[in-house]
RNA sequence: GGCCCCGUAGCUCAGCUGGAUAGAGCAACUGACUUCUAAUCAGUAGGUCGUACGUUCGAAUCGUACCGGGGUCACCA
């Protein structure tokens with residue numbers, strides 16, 4: 003029995019009934035009505051703002067409505083007591099015998115506990131990582147990658163159908179730099195290079211590609227015409243870089259469903275096709291744009307360019323599609339790519355981008371609006387910068403400077419599980435310090451450690467219980483037949499566990515996977531607190547010799563906690579530890 | 001200058017999308033291991049939620065203006 007959900011439904015029913023009676027004209031926003039744990043213990047087990055939300059909509063006194071709702075709820079067996087407090091909160095005290103049912107609910111649902119379903123099979127396109135195939139991933143990419151991956155898992159968990167997509171920027175000018183640099187490395191390996199080209203990627207990571215080229219082609223490439231040579235190096239290098247990136251993603255336990263190639267789209271005239279659609283809507287024209295106000299340009303040139311009329315869709319200026327030399331701007335293929343997403347019929351499109359792309363958001367929104375016949379939900383999640391810190395010093399990561407820390411090297415020091423958890427230990431739009439020393443510490447400073455430790459403690463207790471033939475439970479009869487009441491600090495943990503479905507719901511609805519990580523910390527804290535507690539100098543034990551009833555009750559609680567931790571970590575793509583290292 | 005994000009305890013951050021007396025962790029101080037793992041726990045202390053108006057029964061949360069920090073702004077992708 004999911005107590006919170008039952009309360010929600012009952013309250014919703016009453017609200018609908020009242021709305022019916024009062025003939026409410028405005029649409030009812032039921033999502034504003036929440037059932038939550040109050041901050042203070044004396045305010046009951048759960049509280050709801052239903053009377054206040056409804057009062058506002060019906061222009062009625064919340065207290066009168068509260069009384070009405072209270073009368074309707076009072077007779078429920080689930081509810082022990084209900085009171086109307088403050089500005090109109092209904093504070094609900096749960097009949098203590100139902101806590102056993104909650105524990106039963108968690109144990110019988112196991113992996114599915116918390117599976118709230120509201121996605122209704124809607125199709126979601128979730129684009130993330132999308133790093134250029136000109137170098138390995140850096141920590142910023144990893145943050146976006148983990149964010150996207152966990153959001154995918156979350157959305158799937160609540161019933162959406164998710165396509166995880168990586169946009170491969172294999173068509174633009176930066177690929178030219180890649181090819182040039184690889185060719186330089188190739189010559190260098192043959193002992194013929196002079197100096198690094200002016201525009202290049204100086205990092206060592208391109209050397210293996212050159213070695214492979216030599217292994218495959220020997221010295222032959224030198225003698226080929228430039229066009230032909232570049233073509234070979236190009237596909238060779240992109241292929242190799244994507245393999246490196248895919249390997250990094252695999253090590254981080256991230257699996258994409260689709261790699262969308264920019265180059266392939268360009269070759270199949272994807273850009274022209276999209277532009278024709280826009281032309282048909284009168285959204286393409288030749289014109290000039292003004293320089294940004296307040297910024298001084300010494301070399302501003304007025305240019306006539308092909309422009310997309312994104313100002314029709316709330317963008318600040320119209321955006322150029324072609325450069326003056328007739329080639330595409332960066333935006334052109336991206337426009338076509340997003341048009342393609344719409345064409346594929348997704349109900350929801352989500353982009354996860356680095357915060358340095360914030361200026362890009364409004365034109366992408368414009369593209370989506372221009373192409374979608376019916377409204378498509380579109381959201382861009384910007385992920386802020388990650389600072390890598392070691393020995394209290396910030397390590398710079400730059401493709402240009404070449405001082406690059408490879409994810410594979412980082413993984414030798416810190417496990418993927420730790421990286422994943424830490425990447426979600428902040429809201430996505432606040433910068434993150436990734437402190438390696440902290441990640442290695444075996445203490446509360448290290449957030450995953452704390453959660454894992456709680457899990458390991460539970461596993462250890464259950465193992466001991468098994469040795470004593472106290473576990474598993476089903477050999478010992480049904481829990482609900484045992485009537486021993488829970489202690490106050492046990493109840494604190496149980497109520498925390500009861501929040502789980504709600505945490506999932508909120509995290510999925512608002513696309514905020516970090517909430518899972520924060521919640522798991524709270525569960526771990528509540529568990530450690532119970533584990534360490536004592537009454538009258540007698541330490542708390544899950545296994546109490548001589549009282550099977552106590553054992554059953556407490557072991558069931560421990561096991562329920564394990565289920566919630568396991569489910570939470572699994573959404574984060576992390577495998578819980580059974581014992582500490 | 002325009003746009004986006006941030007500003008909450010000494011530090012790092014939550015704050016369930018408008019609710020009750022604003023919460024954690026770290027650092028500081030006090031205390032708890034003969035244990036199913038003390039890598040943990042309990043307690044004390046710490047606040048003009050950047051500032052000022054406004055919206056209403058009610059604002060850290062919404063609006064406007066300002067202050068401070070970061071990002072970004074036409075042939076770079």
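In the numbering used here, the protein residues as written are 3 to 583.
We treat Cβ as the ideally placed atom computed from N, Cα and C, and that holds for glycine.
Beta-bridge partners assigned by DSSP to residue 324: 330.
With contacts defined by Cβ atoms closer than 8 Å, residue 188 and residue 226 do not form a contacting pair. Shown here, residue 93 sits in a strand according to DSSP, grouped into three states.
Out of 194, 121, 351, the CA that lies nearest to the CA of residue 161 is found in 121.
Going by DSSP, residue 50 is part of the beta strand (DSSP E) stretching over 48-50. Annotated as proximal: residue 126 and residue 164, with beta-carbon spacing under 8 Å.
At the C-beta level, residue 576 and residue 423 come within 8 Å of one another. Under the three-state reduction of DSSP, residue 550 is assigned to helix. Nearest C-alpha to residue 280 among 100, 341, 493: 341.
Where residue 517 is concerned, the enclosing alpha helix (DSSP H) starts and stops at 516-533. Inclusion of residue 48 and residue 21 in the CB contact set at 8 Å is not warranted, their separation being larger than that value. Contiguous beta strand (DSSP E) elements confined to the region 340-412 occur at 350-356, 379-385, 388-392, 395-397, taking only those with 3 or more residues.
Residues 386, 387 of the same chain have their beta carbon placed closer than 6 Å to that of residue 433, with the five preceding and five following residues left out of the count. In this model, residue 61 and residue 55 are separated by some 10 Å (Cα to Cα).
Setting aside the 5 residues that flank it on each side, residue 366 is surrounded in the same chain by 340, 353, 382, each with a C-beta closer than 7 Å to its C-beta; the list follows chain order.
Inter-residue distance for residue 204 and residue 142 is about 20 Å (C-alpha atoms, whole angstroms).
Under the DSSP definition of a beta bridge, residue 437 partners with 391. Judged by DSSP secondary structure, residue 250 falls within the alpha helix (DSSP H) whose first and last residues are 228-253. In this structure, residue 13 sits near residue 52, with a CB-CB distance shorter than 8 Å. Note that the region 300-311 touches the region 322-334; at least 3 beta-carbon pairs, one per stretch, sit closer than 8 Å. Here residue 300 is exposed: its Cβ has fewer than 16 other Cβ atoms, across all protein chains shown, within 10 Å. Boundaries of the alpha helix (DSSP H) around residue 461: 449-469. Per the C-alpha coordinates, the member of 456, 437, 450, 407 positioned closest to residue 395 is 437. It is roughly 6 Å from the alpha-carbon of residue 349 to the alpha-carbon of residue 379. For the pair of segments examined, the region 517-524 was found to touch the region 442-457: the number of CB pairs separated by less than 8 Å reaches three. Here residue 165 is bridged, per DSSP, to 127. DSSP lists 309 as the bridge partner or partners of residue 287.
Residue environment analysis places residue 113 among the exposed positions, since fewer than 16 neighbouring C-beta atoms fall within 10 angstroms of its C-beta. Excluding sequence positions up to five before and after residue 176, its CB lies within less than 8 Å of the CB of 134, 136, all in the same chain and listed in chain order. Comparing C-alpha distances from residue 368 to each of 499, 150, 344, 357 shows the shortest one belongs to 344.
About 6 Å separates the beta carbon of residue 139 from that of residue 247, a gap short enough to meet the 8 Å contact definition.
Excluding the 5 residues flanking it on each side, residue 420 has same chain C-beta neighbours closer than 6 Å at 441, 450, in chain order.
A distance below 8 Å separates the beta carbons of residue 258 and residue 166.
Take residue 264, set aside five residues on each side of it, and the residues of its chain with a beta-carbon closer than 8 Å to its own are 169, 170, 171, 172, 173, 174, 335, 339, in chain order. Using a 10 angstroms sphere on the CB of residue 243, the tally of other CB atoms reaches 16 or more, which defines it as buried. Boundaries of the alpha helix (DSSP H) around residue 418: 418-425.
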